[in-house]
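Oh and the sequence shown: position 105 is 324 in the working numbering, straight run, nothing missing.
Where a beta carbon is used, it is the ideal one built from N, C-alpha and C, also for glycine.
Source: prediction; values computed, not measured.
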Amino acid sequence: MINIKNNFSLKSYNSLLIDKKANYFCELKSVDDCKEAIKFSISKNLDILILGSGTNILLTSDFDGIVFKNSIQSRTISNEEVILGAGENWHESVLWTLEKKLYGLENLSLIPGTVGAAPVQNIGAYGIELSSMLVSLEAINFKDGELLTINNNECKFGYRESIFKKDKNFYLITSIKLKLNRQSKTNTNYKSLRDYLIKDDINPTKATPNQICRAVTSIRNRILPDPFKLPNVGSFFKNLILDQTSFEDLQKEIKNIPFFRLKNGQFKVPSAYLIEKAGWKGYEEKEVSVSKKHALVLLSSGRAKSEDILNLASRIIQDILEKYNVELELEPTVY
């Protein structure tokens, strides 16, 4: 039986340490727990907020509903398919697949958060997105508590987008199924990853999945602060996805701007480059700052209020719009 708590502080459940409260809170460790919690929420007509590790969320007010802390733990393998419980730690799951000699997730090493959050955000890094490996997932429909299987196409994946991000209060993901590979098929197309491997005397075309995992982990550790040691949500802004006309217009402003050409003909431009070029990297205020290591990361002192963080983000967005005529988007979910 689930333990539902009242007037519950969420401060230790979000990596920015924003001190907001939930009217109701419960931790879910099984599908049965989920069904019971949803039945309770339906009976009281409550809005629902799902938390994994809280590393990609900005709380702006108390939540007048029920918060589900998704803690479902499970890992199973069938041939080249892996099924992971939504409450599993993402990075630990990546390491586990490598131990089991199943490859494909190595570029996504050290992304903070839980497995259940991965398809919501369609996490991606170093030229790989989760959507390229996800077969299907299981989720409970909030309307009637029915457990559904949702395939890849039905997830409506985009860049850091999915149906679960658009319909925040509709599904509770309980597990995901991934198709990985027993044979190594590494992707080292991303320049910073390729450069790191070459510097480490590793031929990018012959790098093993474990070497890529170690390289990605090292790169991320060097530039991205641990959200549980220095409050942050990782990248606060999405990278820009531009069509050819918009990209060419931006190139007129910045001739040597770095970019990554996508298969659909669009161009991904690192927002960090624009933020740094505009002079924001390392900028500090009393309780919030822009990381000196990576311009996409906004840091909290641990005492910053949500409005402090949003105010700085808004000023950065406006400055980039005025200087380069492109508009940055926030990456974390704002509640």
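Status (buried if at least 16 other CB within 10 Å, exposed otherwise) for ARG401: Here the question's residue 401 lines up with position 182 in the sequence shown. Label assigned to ARG401: exposed.
Hey, does LYS240 have any beta-carbon neighbour from chain C nearer than 8 Å? The question asks about chain C, but that chain is absent: this structure has only one protein chain.
Three-state class that DSSP yields for ARG439 in the structure shown: The residue you call residue 439 lines up with position 220 of the sequence shown. Correct three-state label for ARG439: helix.
Whose C-beta lies closer than 8 Å to the C-beta of LYS258 among residues of the same chain, with five residues either side of it excluded? In the sequence shown, counting from the first residue as 1, residue 258 sits at position 39. Same-chain partners within the cutoff: GLY364.
Rounded C-alpha distance that separates GLU246 from PHE389: Mapped onto the sequence shown, residue 246 falls at position 27. Mapped onto the sequence shown, residue 389 falls at position 170. Taking the straight line from one Cα to the other gives about 18 Å.
Start and end residues, beta strand (DSSP E) containing ASP283: Counted from its first residue, the sequence shown places residue 283 at position 64. Here the beta strand (DSSP E) through ASP283 covers 282-289.
Same chain, Cβ closer than 7 Å to LEU229, five either side skipped, listed in chain order: In the sequence shown, residue 229 corresponds to position 10, counting from 1. Hits under 7 Å: LYS239, LYS240, ALA241, LEU278, VAL286.
What beta strand (DSSP E) runs, 3 residues minimum, are completely inside the stretch 281-351? 282-289, 294-297, 300-304
Assign VAL452 to one of three DSSP states: helix, strand, or coil. Here the question's residue 452 lines up with position 233 in the sequence shown. VAL452: coil per DSSP, three-state reduction.
For the beta strand (DSSP E) that ALA532 lies in, which residues bound it at each end? In the sequence shown, residue 532 corresponds to position 313, counting from 1. First-last for ALA532: 525-543, but that is the alpha helix (DSSP H), not the beta strand (DSSP E).
Between the alpha carbons of HIS307 and ARG433, how many angstroms are there, rounded? Here residue 307 corresponds to residue number 88 of the sequence shown, with the count starting at 1. Here residue 433 corresponds to residue number 214 of the sequence shown, with the count starting at 1. Residue identity check: residue 307 is Glu in the sequence provided, not His. Going from the Cα of GLU307 to the Cα of ARG433 covers about 21 Å.
Under 7 Å Cβ to Cβ from TRP315, same chain only, skipping five residues before and after it: list those, please. As a position in the sequence shown, residue 315 is number 96, starting the count at 1. Within the same chain, TRP315 has close Cβ partners ARG294.
Take the Cβ of PHE203 as the centre, count every other Cβ of all protein chains shown within 10 Å, and call the residue buried at 16 or more, exposed below. Past the edges of the chain, shown from 220 to 554, lies residue 203, and the structure says nothing about it.
Tell me, please, which residues DSSP counts as bridged to ALA241. Counting from 1 along the sequence shown, the entry for residue 241 is found at position 22. Its beta-bridge partners are PHE227, PHE282.
Separation of HIS513 from ASN372, as counted between CA atoms: On the sequence shown, residue 372 is found 153 positions in, with the first residue counted as 1. On the sequence shown, residue 513 is found 294 positions in, with the first residue counted as 1. Taking the straight line from one Cα to the other gives about 34 Å.
Among ALA532, GLY501, THR407, GLY323, nearest to LYS457 - alpha-carbon criterion: In the sequence shown, residue 457 corresponds to position 238, counting from 1. Among ALA532, GLY501, THR407, GLY323, the Cα nearest to that of LYS457 is on ALA532.
Please classify LEU461 as buried or exposed, where buried requires at least 16 other C-beta atoms within 10 Å of its C-beta. The residue you call residue 461 lines up with position 242 of the sequence shown. Answer is buried; the Cβ neighbour count reaches 16.
Taking DSSP as the reference, what is the three-state secondary structure of ASN372? The residue given as residue 372 occupies position 153 in the sequence shown. Three-state result, ASN372: helix.
What's the gap between the Cα of MET352 and the Cα of SER525? In the sequence shown, counting from the first residue as 1, residue 352 sits at position 133. In the sequence shown, counting from the first residue as 1, residue 525 sits at position 306. MET352 and SER525: Cα-Cα distance of roughly 35 Å.
Taking VAL339 as the reference, give the member of SER437, ALA497, VAL516, SER355 with the closest Cα. Position 120 of the sequence shown, counted from the start, is the residue given in the question as residue 339. The residue with the shortest Cα to Cα distance from VAL339 is SER355.
In three-state DSSP terms, what is ALA566? Residue 566 cannot be examined here, being either before or after the span of the chain that is shown, 220 to 554.
For LYS288, is the classification buried or exposed, using 16 other Cβ atoms within 10 angstroms of its Cβ as the cut-off for buried? If you number the sequence shown from 1, residue 288 lands on position 69. Buried is the call here.
Within 10 Å of its beta-carbon, does LYS396 have 16 or more other beta-carbons around it, so buried, or fewer, so exposed? On the sequence shown, residue 396 is found 177 positions in, with the first residue counted as 1. Buried: at least 16 other Cβ atoms inside 10 Å.
With 16 as the cutoff for other CB atoms within 10 Å, does THR274 come out buried or exposed? As a position in the sequence shown, residue 274 is number 55, starting the count at 1. Classification for THR274: buried.
Determine, using beta carbons only, whether LEU270 and GLY284 come nearer to each other than 8 Å. Within the sequence shown, the letter at position 51 stands for residue 270. Within the sequence shown, the letter at position 65 stands for residue 284. Against a cut-off of 8 Å, the Cβ pair of GLY284 and LEU270 comes out as no contact.
Taking the alpha-carbon of GLN430 as reference, which of LEU449, PRO450, ARG441, ASN406 has the nearest alpha-carbon? Taking the first residue of the sequence shown as position 1, residue 430 is located at position 211. For the residues LEU449, PRO450, ARG441, ASN406, the minimum Cα distance to GLN430 belongs to ASN406.
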